[in-house]
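Reviewing the structure listed below.
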Amino acid sequence: MGKGFGLDIGRMMKQAQKMQADVKRVQEELAEATVEATSGGGIVKVVATGSQEIKSIEIKPEAVDAEDVEMLQDLVLAAVNEALRMSKDMAAEQLAKVTGGLGMPGLM
73 MGKGFGLDIG
83 RMMKQAQKMQ
93 ADVKRVQEEL
103 AEATVEATSG
113 GGIVKVVATG
123 SQEIKSIEIK
133 PEAVDAEDVE
143 MLQDLVLAAV
153 NEALRMSKDM
163 AAEQLAKVTG
173 GLGMPGLM
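Count along the sequence shown from 1, add 72, and you get the number used in my numbering.
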């Protein structure tokens with residue numbers, strides 16, 4: 073093994089460390105970033121972070137009908153699932169920018 077091999081490993085290690093720092097920064101940014109999803113024409117609104125944490129759920133009063141609780145449950149479920157899907161998409165897009173699209177286990 074010549075000297076060139078050691079330099080390549082050193083450069084690769086620096087690149088890996090930079091990528092790791094960039095991923096950490098993006099994960100911190102995603103924890104602050106939000107997406108908003110609605111269902112029922114805006115009757116239910118869900119806000120989630122880029123780290124898939126639900127921050128808020130708003131339900132307009134006209135959605136509350138004691139005779140049709142199932143409809144409200146379905147609207148909440150639909151909005152939550154859409155918010156989580158949007159959150160995951162946002163996170164994948166942002167992480168792909170710093171990892172070059174490499175699949176890195178444990179990032180999300």
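Note that the Cβ used here is the ideal one computed from N, Cα and C, for glycine as well.
Bounds of any alpha helix (DSSP H) do not take in Ala109; it lies within the beta strand (DSSP E) bounded by Thr106 to Ser111. Taking all protein chains shown into account, Met143 has fewer than 16 neighbouring C-beta atoms within 10 Å of its C-beta and is therefore exposed. The beta carbon of Ile129 sits closer than 6 Å to the beta carbons of Val118 from its chain, once the five residues preceding and following it are set aside; these are given in chain order. Rounded to whole angstroms, the gap between the alpha carbons of Val95 and Ser123 is 13 Å. Take Glu104, set aside five residues on each side of it, and the residues of its chain with a beta-carbon closer than 8 Å to its own are Thr121 and Gly122, in chain order.
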